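Asker: Last residue of the sequence shown? That's 362 in the UniProt record's numbering, and every number before it is there in order. By construction, the Cβ of each residue, glycine as well, lies at the ideal position given by its N, Cα and C atoms. The model shown is predicted, which means the values in this text are computed figures rather than measured ones.
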Amino acid sequence: MNAAMIAGIVIVLFAVFTVLRGVRIVPQARAGNVERLGRYYRTLGPGLNFVIPYVDRVRPLIDLREQVVSFKPQPVITEDNLVVDIDTVLYFQVTDPRAAAYEIANFIQGVEQLTVTTLRNVVGGMDLESTLTSRDTINSQLRGVLDEATGKWGIRVNRVEIKAIDPPKTIKEAMEKQMRAERDKRAAILTAEGLRQSQILTAEGEKQSAILRAEGERTAAILKAEGQSQAIDEVFQAVHRNDPDPKLLAYQYLQVLPQLAQGQGNTFWVIPSEVTSALQGVSKAFTEALPKSPATREVPDTRSAAMTAATEAEEAAKAAIADAEESGPRSLTAGTPNLNPVPDLNVPEPAPAEKDKLHKEP
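1) Kindly indicate the opening and closing residues of the alpha helix (DSSP H) around Lys172.
2) Is it buried or exposed for Asp96, if we count other Cβ within 10 angstroms and need 16 for buried?
3) Go to Asn33, then tell me how far its beta strand (DSSP E) extends in each direction, as first and last residue.
4) Tell me whether Phe236 is buried or exposed, calling it buried when 16 or more other Cβ atoms sit within 10 Å of its Cβ.
5) For the region 45 to 127, list the beta strand (DSSP E) runs that are entirely contained and at least 3 residues long, ordered along the chain.
6) Assuming Thr123 and Ile86 form a contact by the criterion Cβ under 8 Å, report the distance between their Cβ atoms to the nearest whole angstrom.
7) In whole angstroms, give me the CA-to-CA distance for Leu44 and Ala31.
8) Cα-Cα, which of Asp63, Ile108, Ser130, Arg42 is closest to Glu79?
9) Can you tell me which residues form a DSSP beta bridge with Ala164?
10) Is Asn2 helix, strand or coil by DSSP?
11) In angstroms, rounded to a whole number, what distance separates the CA positions of Ala149 and Arg159?
12) Buried or exposed, going by whether 16 or more other CB atoms sit within 10 Å of the CB of Gly38?
13) Just to confirm, are Arg143 and Gln93 a CB contact at a threshold of 7 Å?
14) Per DSSP, which one or two residues make a beta bridge with Arg156?
15) Mind checking whether Thr51 and Arg24 have CB atoms under 7 Å apart?
16) What residues are listed by DSSP as bridge partners for Ile25?
17) Are Val89 and Lys163 closer than 7 Å when you measure CB to CB?
18) Is residue 363 helix, strand or coil by DSSP?
19) What span of residues does the alpha helix (DSSP H) with Thr150 cover, start to end?
20) Given a cut-off of 7 Å, decide if Gln74 and Pro46 are closer than it, judged by their beta-carbon atoms.
21) Taking buried to mean at least 16 other C-beta atoms within 10 Å of its own C-beta, is Gly154 buried or exposed?
22) Closest to Val84 by CA distance: which of Leu61, Leu128, Ala101 is it?
23) By DSSP, does Ser140 sit in helix, in strand, or in coil?
24) Note down, in chain order, each residue of its chain lying with its Cβ closer than 7 Å to the Cβ of Asn139, except the 5 sequence neighbours on either side.
What follows is the structure in structure tokens.
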């Protein structure tokens, strides 16, 4: 191979290489700045582009899509002199590739430092409580300041978000104690309200129960009183109809006396003064010779005096009942009955025929 052939091959290769350098393909959402002889000439758009080899120089491509940059936590001093670490996230997009390449050397670093300084200015005017609860306010203020400052760099800041706010460890412990105290307070209030409501409902239930119990006791007392009244009335009417004499009352009185000592708690009992009179009346009723009625005249003398007295008392009671039915009901005087065998002055005198009948000799 001679020298002419070698030179031809070199020229062909150089021509191919030169053509390839003059053709540039730019991807979508990318942009490239072209410098001709060291000066900005134009910006290459997406697609096939041609440049002059060895005269035009294409700078590195710039991404035109929205980018997300997360910055490291930065210490910020609040208004109440507390140091908190704030972690931010920035969403931005390059709108002017020429300004982003020639107005600032490194726009990512510039945005980061601008974010830190703006964040310190905004948070420095707030206390810790406002900083923790006013994230939207901080985001909006940061976005406004960054968008205005980065506009000349060909960058548009879309959003600024605070990822985390970390107060000091001692402040965290104090906040946890405060939250625990608030929760204990709410729990105590709820417990007290529940106990109060329970006591109110219990009191209302006891009130209704007492009212119903009192109404039941009142009705029972009324019914019991009515029953006792009817019983007393029946007894009074029976006594009024039968017209008992003092001897019968004395006998009933003596029958009731032993019942006074039947109680389990009775260690002694008092004998009333009327017992002597009652005993005298009963003894007279069984010992005195009463006038015989016509029905008992034929009784043999072999009977005992006690049986005779009992029969005569029964006959006298029947005669008194018959007399009461003929003359109508008699009125009984209220009070303590006299147990002595003394005729009652309030009882009307029997008719002359009855007197002859009772005092007639056998």
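Answerer: In terms of the structure at hand:
1) Here residue 172 corresponds to residue number 172 of the sequence shown, with the count starting at 1. Unbroken alpha helix (DSSP H) run through Lys172: 169 to 242.
2) Position 96 of the sequence shown holds residue 96. With 16 or more Cβ atoms within 10 Å of its Cβ, Asp96 is classed as buried.
3) Numbered from its first residue, the sequence shown carries residue 33 at position 33. From DSSP, the beta strand (DSSP E) with Asn33 extends over 30 to 36.
4) Taking the sequence shown and counting its residues from 1, one reaches residue 236 at position 236. With fewer than 16 Cβ atoms within 10 Å of its Cβ, Phe236 is classed as exposed.
5) 47 to 50, 56 to 58, 67 to 70, 74 to 77, 83 to 94
6) The residue labelled residue 123 in the question sits at position 123 within the sequence shown. The residue labelled residue 86 in the question sits at position 86 within the sequence shown. In the sequence under discussion, the amino acid at residue 123 is Val, which differs from the Thr named in the question. Confirmed, Cβ separation roughly 7 Å.
7) Residue numbering aside, residue 44 sits at position 44 when the sequence shown is read from its first letter. Residue numbering aside, residue 31 sits at position 31 when the sequence shown is read from its first letter. When rounded, the distance between both Cα atoms is 6 Å.
8) Mapped onto the sequence shown, residue 79 falls at position 79. Minimum Cα distance to Glu79 is reached at Ser130.
9) Position 164 of the sequence shown, counting from 1, holds the residue named residue 164. For Ala164, which the question treats as bridged, DSSP gives the partners Asp87.
10) The residue labelled residue 2 in the question sits at position 2 within the sequence shown. Looking at Asn2 - three-state DSSP - the assignment turns out to be coil, as it is neither helix nor strand.
11) The residue you call residue 149 lines up with position 149 of the sequence shown. The residue you call residue 159 lines up with position 159 of the sequence shown. In a straight line, the C-alpha of Ala149 is about 14 Å away from that of Arg159.
12) What you label residue 38 is simply residue 38 of the sequence shown in a count that begins at 1. Gly38 should be labelled exposed.
13) As a working mapping, residue 143 is identified with position 143 in the sequence shown. As a working mapping, residue 93 is identified with position 93 in the sequence shown. Contact flag unset, no.
14) Counted from its first residue, the sequence shown places residue 156 at position 156. Looking at the DSSP assignment, Arg156 forms a beta bridge with Gln93.
15) Residue 51 sits at position 51 when you count from the first residue of the sequence shown. Residue 24 sits at position 24 when you count from the first residue of the sequence shown. Per the sequence shown, the amino acid found at residue 51 is Val instead of Thr. The answer is yes: Cβ separation under 7 Å.
16) The sequence position of residue 25 within the sequence shown is 25, counting from 1. Its beta-bridge partners are Leu48.
17) Taking the first residue of the sequence shown as position 1, residue 89 is located at position 89. Taking the first residue of the sequence shown as position 1, residue 163 is located at position 163. Closer than 7 Å, so yes.
18) Since the first residue of the chain shown is 1 and the last is 362, residue 363 is not available in this structure.
19) In the sequence shown, counting from the first residue as 1, residue 150 sits at position 150. Premise fails: Thr150 is in no alpha helix (DSSP H) and is neither H nor E.
20) As a working note, residue 46 is residue 46 in the sequence shown. As a working note, residue 74 is residue 74 in the sequence shown. Cβ distance not < 7 Å, so Pro46 and Gln74 don't count as in contact.
21) Counting from one through the sequence shown, the residue named residue 154 turns up at place 154. With 16 or more Cβ atoms within 10 Å of its Cβ, Gly154 is classed as buried.
22) To locate residue 84, count along the sequence shown from 1; it is residue 84. When only C-alpha atoms are compared, the closest one is Leu128.
23) Locating residue 140 in the sequence shown gives position 140, where the first residue counts as 1. Of the three classes helix, strand and coil, the one that applies to Ser140 here is helix, per DSSP.
24) By 1-based counting over the sequence shown, the position of residue 139 is 139. Taken in chain order, the residues that qualify are Val160, Glu161, Ile162.
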